[in-house]
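Student: Pasting in a structure now, in structure tokens, and then I'll have a few things to ask.
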């Protein structure tokens, strides 16, 4: 079990990478649950290396201009816009 | 609205005056985009989000004359097996009091089971159509990967998911599949399968003729299943045998690892797909204080529920430096192994049969605190998504307590007509 143990600082690090703030209760719960879930994922160690069939082909289309969303459609769901653009925090 | 919370919104969308679905109502899962009508994915993140365009399947429903009576409730972003993780409240099972309707397309199955819609669309990433169909006593089809366009479906794990029909009978589900199937230039993963599926005619395959049908039964998918579920399953197989089908047991050793592989792949894809929700172009704003990353992290803390956070974090972990080979690469090996196993088993059988879910519908509220147990309940459905194959869930009967049990039939790639024909002998 010990190599599956996840500590709270690891959960906070992953949350940081994923850009999700967590409160202390969430960190505590996730720390416990992740240990259990990752232990179950350990079973994948028993899976033999398997050849993967390359049954894939790129799908391309001619590079032609097509109708897309109009600017006001693209902006209609933004929480805030300014001068026809999306608004975000200041870049220092 | 409904007393079991099946819909998130009930705004009616009218289709064309005539067409194969004229006069019929088809409810649409709330992760499928509807132009001008709110689409939330069951998430607070997308509360008030109104798509500027229709998903291809919605455009096809409208052309076919269907009326869309509303957008159905679902586990947040499709992440759940019970439809209890929705930000708009859980859905109750309309045919089994006190039980969950299954998930994640729980609202879609519930409105069909309750008779509030004639049919519905769901999406199935690891069982999200088949599970609620089984738990609500209706029919659900997860099509072969590439049969139905995903354009306008809000992505959770795009290498696994397909949109598919839920209906009271196999022939109605086949009719709905006929309308939505077919290649779409807006989804490069759709294929022209007109030869394999005989010109996309599915409804006429529902003739109930199983004389000579060969059924393989993977023993691994019965091991550990609830006793009454297994009993009901064998009774349904006896019924098919009495109608001329034969069955034999098959071994699929790889499926023992399928559910773990599924969760690693699905969570990894989710961590990437859900990165788009940053509260800037749409979604809940994270404010304008601090830097971009702080604003994103704030938006996502507020907008995402706990199961979504759990999966995005575990997916981020599985893909992070030092862990990629251990989790993601092994999961891809398992996926290839599962595909090989299914291909082999289907070379000696027309279809494979198992219980859709290893358990009857759970009691409401009991799965939420134990995510791992909830994940393991997807043991029989997830292998099919890993193998990209089509599967149908049909009602097989009930437990002594009157709880619905579903039978799953899996076919070869683009073998929709075969599973529809086989399923129609039961429902």
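Protein chains in written order, with the working numbering: chain A, 95 to 186; chain B, 20 to 446. Glycine residues also receive a C-beta, built at the ideal position from the N, C-alpha and C atoms. As the structure is a computational prediction, the values presented were derived from the model and not from experiment.
(1) Do residue 358(B) and residue 138(A) have their C-beta atoms closer together than 7 Å?
(2) Which residues mark the beginning and the end of the beta strand (DSSP E) in which residue 142(B) is found?
(3) Residues of chain A with CB closer than 8 Å to the CB of residue 339(B), please, in chain order.
(4) For residue 416(B), I'd like the list of residues in its chain whose CB is within less than 7 Å of its CB, leaving aside the five on either flank, ordered along the chain.
(5) Whole-angstrom Cβ separation of residue 369(B) and residue 437(B), contact assumed at under 8 Å?
(6) Identify the contact partners of residue 125(A) in chain B, using a Cβ-Cβ distance below 8 Å as the criterion.
(7) In three-state DSSP terms, what is residue 40(B)?
(8) Can you find the residues in the same chain that come closer than 6 Å, C-beta to C-beta, to residue 126(B), ignoring five residues on each side of it along the sequence?
(9) Along chain A, which residues have their Cβ under 8 Å away from the Cβ of residue 314(B)?
(10) Just tell me which of 422(B), 299(B) and 401(B) has its CA closest to the CA of residue 184(A).
(11) Quick one, are the C-beta atoms of residue 70(B) and residue 54(B) less than 7 Å apart?
(12) Quick check: the stretch 212-225 of chain B against the stretch 420-435 of chain B, are at least 3 beta-carbon pairs closer than 8 Å?
(13) Is the Cβ-Cβ distance between residue 332(B) and residue 131(A) less than 7 Å?
(14) Could you say which of 346(B), 328(B) and 386(B) lies nearest to residue 96(B) if we only look at CA atoms?
(15) Does DSSP classify residue 225(B) as helix, strand or coil?
(16) With DSSP as the reference, please indicate the residues paired to residue 31(B) in a beta bridge.
(17) Can you round the beta-carbon distance between residue 45(B) and residue 85(B) to whole angstroms, since I take them to be within the 8 Å contact cut?
(18) Helix or strand or just coil, what does DSSP make of residue 114(A)?
(19) Output, in sequence order along the chain, the residues in the stretch 387-399 of chain B whose CB is closer than 7 Å to any CB in chain A.
(20) Using the beta-carbon count (16 or more within 10 Å), is residue 155(A) buried or exposed?
(21) Are the beta-carbon atoms of residue 269(B) and residue 235(B) separated by less than 7 Å?
(22) Hey, residue 405(B) and residue 277(B): beta-carbon distance below 7 Å or not?
(23) Using a Cβ-Cβ cut-off of 7 Å, state whether residue 119(A) counts as contacting chain B.
(24) In chain B, which residues lie less than 8 Å from residue 170(A) when you measure between Cβ atoms?
(25) Beta strand (DSSP E) containing residue 351(B): first to last residue?
(26) Let's test the definition: count the other Cβ atoms within 10 Å of the Cβ of residue 164(A) and tell me whether it reaches 16, buried, or not, exposed.
(27) Just to confirm the assignment: which complete alpha helix (DSSP H) runs, minimum length 4, are found wholly within the stretch 98-181 of chain B?
(28) Under the DSSP definition of a beta bridge, which residues are partnered with residue 233(B)?
(29) Taking only three categories from DSSP, how would you classify residue 287(B)?
(30) Rounded to the nearest angstrom, what separates residue 520(B) and residue 180(B) at their Cα positions?
(31) Identify the contact partners of residue 161(A) in chain B, using a Cβ-Cβ distance below 8 Å as the criterion.
Tutor: The answer reads as follows:
(1) Going by C-beta atoms, residue 358(B) is not nearer than 7 Å to residue 138(A).
(2) Annotation for residue 142(B): the continuous beta strand (DSSP E) segment containing it runs 138-143.
(3) Near residue 339(B) (Cβ distances below 8 Å), the residues of chain A are 108 and 111.
(4) Within the same chain, residue 416(B) has close Cβ partners 251, 254, 255 and 424.
(5) 6 Å between Cβ atoms; contact.
(6) Within 8 Å of the CB of residue 125(A), no CB atom of chain B is found; the nearest one sits about 11 Å away.
(7) In the three-state reduction of the DSSP assignment, residue 40(B) falls in the coil class, being assigned neither a helical nor a strand state.
(8) In its chain, beyond the 5 residues on either side, 25, 91, 92, 93 and 110 have a beta carbon closer than 6 Å to the beta carbon of residue 126(B).
(9) Think of a sphere of 8 Å around the beta carbon of residue 314(B): the chain A residues whose beta carbon falls inside it are 182 and 183, in chain order.
(10) The option with the nearest alpha carbon to residue 184(A) is 299(B).
(11) In this structure, residue 54(B) lies closer than 7 Å to residue 70(B) by Cβ.
(12) Yes, the stretch 420-435 of chain B touches the stretch 212-225 of chain B.
(13) No, these two residues do not count as a Cβ contact at 7 Å.
(14) Nearest C-alpha to residue 96(B): 328(B).
(15) In the structure shown, the three-state DSSP call for residue 225(B) is coil.
(16) Looking at the DSSP assignment, residue 31(B) forms no beta bridge with any residue, so it has no partner.
(17) At roughly 4 Å, the Cβ-Cβ gap stays under 8 Å, so residue 45(B) and residue 85(B) are in contact.
(18) Secondary structure at residue 114(A): coil, using DSSP grouped into helix, strand and coil.
(19) Taking 7 Å as the upper bound on Cβ-Cβ separation, chain A lies near residues 390 and 391 of the stretch 387-399 of chain B.
(20) With fewer than 16 Cβ atoms within 10 Å of its Cβ, residue 155(A) is classed as exposed.
(21) Yes, they are a contact pair.
(22) A contact, by the Cβ cut-off of 7 Å.
(23) Closer than 7 Å: no.
(24) 69 and 71, listed in chain order.
(25) From DSSP, residue 351(B) is part of no beta strand (DSSP E) but of the alpha helix (DSSP H) over 349-365.
(26) Residue 164(A) sits exposed, since fewer than 16 C-beta atoms from the chains shown fall within 10 Å of its C-beta.
(27) Under the rule that a run must span 4 or more residues, the alpha helix (DSSP H) segments found entirely inside the stretch 98-181 of chain B read 125-132 and 149-155.
(28) By DSSP's assignment, residue 233(B) forms a beta bridge with 265(B).
(29) Helix.
(30) The displayed coordinates of chain B run from 20 to 446. Any statement about residue 520(B) would go beyond what the structure contains.
(31) Against chain B, the beta carbon of residue 161(A) has no neighbour under 8 Å; the closest one sits roughly 11 Å away.
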